[in-house]
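A.B. asks: Residue numbers (the numbering used here): 33 to 445.
Just so you know, even glycine gets a beta-carbon here, dropped at the ideal spot from N, CA and C.
1) Can you tell me where the alpha helix (DSSP H) holding residue 419 begins and where it ends?
2) Can you name, in chain order, every residue of its own chain whose Cβ lies under 6 Å from the Cβ of residue 179, other than the five neighbours on each side?
3) Taking the continuous alpha helix (DSSP H) assigned at residue 305, which residues delimit it?
4) Kindly identify the DSSP beta-bridge partner or partners of residue 255.
5) Name the one or two DSSP bridge partners that residue 358 has.
6) Of the choices 74, 43, 116, 141, whose alpha-carbon is the least far from that of residue 394?
7) Assign residue 276 to one of two classes, buried (16 or more other C-beta atoms within 10 Å of its C-beta) or exposed (fewer than that).
8) Since residue 354 and residue 388 are thought to touch, with beta carbons under 8 Å apart, how far apart are those beta carbons, to the nearest angstrom?
9) Near residue 173, what residues of its chain come up, given a Cβ to Cβ distance below 6 Å and the 5 sequence neighbours on each side ignored?
10) Hey, how far is the Cα of residue 38 from the Cα of residue 103?
11) Taking 8 Å as the cut-off, does the stretch 69-81 touch the stretch 187-204 (at least 3 CB pairs, one atom from each stretch)?
12) With H, G and I counted as helix, E and B as strand and the rest as coil, what does DSSP make of residue 437?
13) Leaving aside the five residues before and after residue 414 along the sequence, list all residues of the same chain whose C-beta is less than 6 Å from its C-beta, in chain order.
14) Just verifying my parser: in three-state terms, what is the DSSP assignment at residue 83?
15) According to DSSP, is residue 47 helix, strand or coil?
16) Could you check whether the stretch 150-164 touches the stretch 219-234, counting it as contact only if at least three pairs of C-beta atoms, one from each stretch, sit closer than 8 Å?
17) Is the distance from the Cβ of residue 189 to the Cβ of residue 410 below 8 Å?
18) Does the Cβ of residue 319 have 16 or more other Cβ atoms within 10 Å, making it buried, or fewer, making it exposed?
19) Hey, which unbroken runs of the alpha helix (DSSP H) at 4 residues or more fall wholly within the stretch 206-263?
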């Protein structure tokens, strides 16, 4: 049993399910693309079955329902980070990574437009290709974190810096998906149902409901239906619900007393016995392993589909993230918002490079930016190929001796 737990922990730590999903989808798509498409678009309840005008296919069940939990876990990370005692609180601690995040969003998006204009400018395709500008703004937290630990060493401050950056990047990415990539024609009145879900979650918090399940099932369910009917991305349903889950009492002055979560007066307030941490503890494993199915359903593209959009996405990720993050971060240091102790200019630059690993969220955005051929598959392939940045980062780390370097930042860096 202990061996199974150890292997499970290793698989989660090294994002094995996610990587296996990418490999399996690429192999099948390049061996038998028709079979791959049949699997992904299989309708287990028949093609006549629909849910709020969505055909219930494997792809919809994964992207529209399972990814609700993925973005819920991401929302939990953001909630913990901005809470009192979190790494993004007080705000002064977050200034440099937030500046780096802005650079990691604005510059890749600008680079995408520039490269797309160079390749497609003057053609009728440019306006369609330009819709993919948000794809290179994404960073895959899990894989980037894994690579950063190898490049810098697991305890190096650059790893924490990257995590802060990736969390803030996710927050912006969620907003981009909601605003710029609606599912259907927008019907704002249905957002009242989302507000109702938030009100229910708030009421549960005030009532000191000690289980995360009612928050997610009732509040999250109302939010999901509201987003679907409003024409927005339903996968974001829990983003507005998770912040209402009460967290550790030392993180929030307004949190109910520890006894409220323990079920008995005077009980010891274990850190992970509150709804927010229990939500993460119970669902993080299923989500991590479920990413196999997400990447399998989204990363399967034929290498023959490579075109200008592939290189636009890939180059915008690599150049945009590296330049944007390092430029804004080092600029922030010059303005009086220093890098964490132990980080120098070279660490900021390589952190930007590591952040160019797109994968999960980039694949998700690519599926929203383009309806299908001829640009969706090439865009997804660009996101998949960004995983190769790991090799560049490892080589850069070895050449610059980043794993061996420690101590305070270099002056001006």
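C.D. replies: On the basis of the data shown:
1) Sequence index remark: in the chain shown, residue 419 carries index 387 (1-based). Unbroken run through residue 419: none, as it is neither H nor E.
2) Residue mapping note: residue 179 aligns to position 147 of the chain shown, counting from 1. Contacts found: 386, 422, 425.
3) Taking the first residue of the chain shown as position 1, residue 305 is located at position 273. Neither: residue 305 is in no alpha helix (DSSP H) and is coded neither H nor E.
4) On the chain shown, residue 255 is found 223 positions in, with the first residue counted as 1. Answer by DSSP bridge pairing: none, since residue 255 is not bridged.
5) Here residue 358 refers to the residue found at position 326 when the chain shown is read from its first residue. Residue 358 pairs with nothing; no bridge assigned.
6) Locating residue 394 in the chain shown gives position 362, where the first residue counts as 1. Ranking 74, 43, 116, 141 by Cα distance to residue 394 puts 141 first.
7) Sequence index remark: in the chain shown, residue 276 carries index 244 (1-based). Flag for residue 276 reads buried.
8) Translated into the one-based positions of the chain shown, residue 354 becomes position 322. Translated into the one-based positions of the chain shown, residue 388 becomes position 356. Correct: roughly 6 Å between the Cβ atoms.
9) Indexing the chain shown from 1 puts residue 173 at position 141. 198.
10) For the purposes of this step, residue 38 is taken as the residue at position 6 of the chain shown. For the purposes of this step, residue 103 is taken as the residue at position 71 of the chain shown. In a straight line, the C-alpha of residue 38 is about 26 Å away from that of residue 103.
11) no
12) If you number the chain shown from 1, residue 437 lands on position 405. Because the pLDDT of residue 437 is 49, which lies under 50, any placement of that residue in the model is unreliable, and the question is left without a value.
13) Mapped onto the chain shown, residue 414 falls at position 382. Taken in chain order, the residues that qualify are 342, 345, 346.
14) In the chain shown, the residue the question calls residue 83 occupies position 51. Residue 83 falls in the strand class under three-state DSSP.
15) If you number the chain shown from 1, residue 47 lands on position 15. In this structure, residue 47 counts as coil in the three-state DSSP scheme.
16) no
17) Working through the chain shown from its first residue, we reach residue 189 at position 157. Working through the chain shown from its first residue, we reach residue 410 at position 378. Not a contact, by the Cβ cut-off of 8 Å.
18) For the purposes of this step, residue 319 is taken as the residue at position 287 of the chain shown. With 16 or more other Cβ atoms within 10 Å, it is buried.
19) 223-238, 252-262
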